[in-house]
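All the letters of the sequence shown, read from the start, carry residue numbers 106 to 447 under the numbering used here.
Don't be surprised by glycine CBs; every beta carbon is placed ideally from N, CA and C.
Read the structure below first, then the notes.
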Amino acid sequence: MRAIGLHLFCSVKGGVGKSTLSVVAAKLLAKRGKVPVLVDTDMLGSSLADGLALCAPVVAETAAGLLDLEAQPTGQWFSLSETRELRQRRRDWLERNEDNETPFDSAVPPAYLNDALHYLVPDPRHDCSVAALLWKHETKDDVWYLPSSPLQVDAARAAPHAVGAGDDYDWIRRLSWVLDGVLEQKPEITDIVLDLPPGTWGFAHQILLLAGHLSRNNPLPAGYPNWSKRICWLVNPFIVTSRDRNDRIVAIEYFIEVRSALALLPLCNRLSGTPRSLRAEIRRDLPKALQALGIEDLLRVVPELPHSLGRIFTEGNVVVEEEEEIAKALRLDSYRSREGSS
Ligand SMILES: Nc1ncnc2c1ncn2[C@@H]1O[C@H](COP(=O)(O)OP(=O)(O)OP(=O)(O)O)[C@@H](O)[C@H]1O
Ligand SMILES: [Mg+2]
Numbered sequence: 106m107r108a109i110g111l112h113l114f115c116s117v118k119g120g121v122g123k124s125t126l127s128v129v130a131a132k133l134l135a136k137r138g139k140v141p142v143l144v145d146t147d148m149l150g151s152s153l154a155d156g157l158a159l160c161a162p163v164v165a166e167t168a169a170g171l172l173d174l175e176a177q178p179t180g181q182w183f184s185l186s187e188t189r190e191l192r193q194r195r196r197d198w199l200e201r202n203e204d205n206e207t208p209f210d211s212a213v214p215p216a217y218l219n220d221a222l223h224y225l226v227p228d229p230r231h232d233c234s235v236a237a238l239l240w241k242h243e244t245k246d247d248v249w250y251l252p253s254s255p256l257q258v259d260a261a262r263a264a265p266h267a268v269g270a271g272d273d274y275d276w277i278r279r280l281s282w283v284l285d286g287v288l289e290q291k292p293e294i295t296d297i298v299l300d301l302p303p304g305t306w307g308f309a310h311q312i313l314l315l316a317g318h319l320s321r322n323n324p325l326p327a328g329y330p331n332w333s334k335r336i337c338w339l340v341n342p343f344i345v346t347s348r349d350r351n352d353r354i355v356a357i358e359y360f361i362e363v364r365s366a367l368a369l370l371p372l373c374n375r376l377s378g379t380p381r382s383l384r385a386e387i388r389r390d391l392p393k394a395l396q397a398l399g400i401e402d403l404l405r406v407v408p409e410l411p412h413s414l415g416r417i418f419t420e421g422n423v424v425v426e427e428e429e430e431i432a433k434a435l436r437l438d439s440y441r442s443r444e445g446s447s
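Structural data, given as structure tokens:
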């Protein structure tokens with residue numbers, strides 16, 4: 106059975122560091138010899154390609170200059186400046202074609218997660234060539250990236266639920282097949298990191314429940330990939346909070362709400378005080394009955410790091426100097442301990 110790490114970063118509030126920690130987790134996994142793919146599922150937020158120096162793959166095109174989503178990977182990537190130019194061209198192209206009834210494969214480069222999601226699968230055992238759509242960082246970091254498009258019109262095409270027009274479940278099923286495609290087409294992949302949209306409702310909530318099923322190796326309903334016989338999922342799910350008490354309390358409520366479905370790990374990011382004082386505050390916040398759960402002992406912390414994590418999106422990359430501390434908070438050396446036990 107193939108063991109795949111599945112790292113998820115969710116939050117109640119926006120802007121608490123999900124994307125930053127997702128990128129850092131993927132980079133540190135790669136440094137540990139793993140082969141991670143980072144999937145940006147925040148369809149309405151800014152794209153990972155907005156903040157990082159990512160280079161788009163060269164995807165074969167049809168005679169009409171559209172992406173050929175069934176073509177094999179070309180093994181080539183655009184430069185960063187070519188990628189930026191293409192992103193602008195795609196924006197212009199979609200604005201011109203917004204009102205048209207467009208078939209599934211009608212988009213122009215660069216390819217995003219949106220294109221894989223929007224591909225209508227004629228045969229669910231045969232997905233598009235997801236492996237051909239993976240991006241790379243300009244500076245080699247051995248992480249595969251699958252960014253989403255920042256364009257609203259792209260979100261409406263590929264993720265109707267995100268604009269209130271579709272069903273979360275359909276989208277999650279589709280995402281599951283895209284992930285299955287990556288795993289099938291790139292057997293070297295060992296880990297998937299999911300950067301989830303902010304909020305603990307809708308899509309983010311459903312995907313966390315799916316992760317709960319995967320962590321118990323439950324068979325999935327009909328229509329989903331049949332993973333229970335092929336893949337042992339090592340689920341490593343975080344709910345990221347800020348130091349802000351309002352955010353923290355709601356995050357802990359959510360942690361308790363889903364506790365029987367998924368063992369989320371609360372993670373306080375950008376901590377400026379001591380972990381000890383934060384733990385004491387959390388204990389005080391909780392009613393007596395809930396103090397028995399020992400939530401504060403599960404709590405992980407990442408400190409305020411203005412010179413590394415604080416610069417990630419302004420510099421387009423991040424060099425993690427506090428590697429040991431962050432790897433420990435993100436369980437990067439211990440999440441595989443269940444491997445082989447199922
Ligand atoms: N530990 C840290 N120390 C200092 N700055 C940090 C830290 N973690 C994140 N940041 C900064 O916080 C900002 C917000 O982070 P990020 O974009 O990752 O949050 P997010 O939860 O993904 O936001 P959104 O909900 O909008 O997707 C970024 O500018 C990042 O540089
Ligand atoms: Mg984000």
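Selection Glu289, Glu293, Gly180, Ile312 evaluated against Asp272 yields Ile312 as nearest (Cα-Cα). Using a cutoff of 7 angstroms, the CB of Glu203 does not count as near ligand 1, since none of the ligand's heavy atoms is closer than that. DSSP places Lys245 in the coil class of the three-state scheme, outside both helix and strand.
Under a 10 Å Cβ-count criterion, Met148 is classified as buried, with 16 or more other Cβ atoms of the shown protein chains found around its own Cβ.
By the Cβ neighbour-count rule, Glu401 is buried, with 16 or more other Cβ atoms within 10 Å of its own. If you draw a straight line from the Cα of His310 to the Cα of Tyr250, it is about 23 angstroms long.
Counting only beta-carbon distances shorter than 7 angstroms to the non-hydrogen atoms of ligand 2, the qualifying residues in chain order are Lys123, Ser124, Asp147, Gly150, Asp300. A distance below 8 angstroms separates the beta carbons of Leu370 and Arg405.
Distances between the C-beta of Glu409 and the heavy atoms of ligand 1 include at least one below 7 angstroms.
Taking 3 residues as the shortest admissible run, the stretch 355-390 contains the following complete beta strand (DSSP E) segments, listed from N- to C-terminal end: 370-376. In the three-state reduction of the DSSP assignment, Pro265 falls in the helix class.
The C-beta separation of Asp259 from Leu238 comes to about 14 angstroms, leaving the pair out of contact by the 8 angstroms criterion. By the Cβ rule, the stretch 294-311 counts as touching the stretch 131-147, because three or more pairs are nearer than 8 angstroms. Residue state for Asn202 is assigned as helix, using DSSP reduced to three classes. Burial is judged here by how many other beta carbons sit within 10 angstroms of a residue's own beta carbon; Lys433 has fewer than 16 and is exposed.
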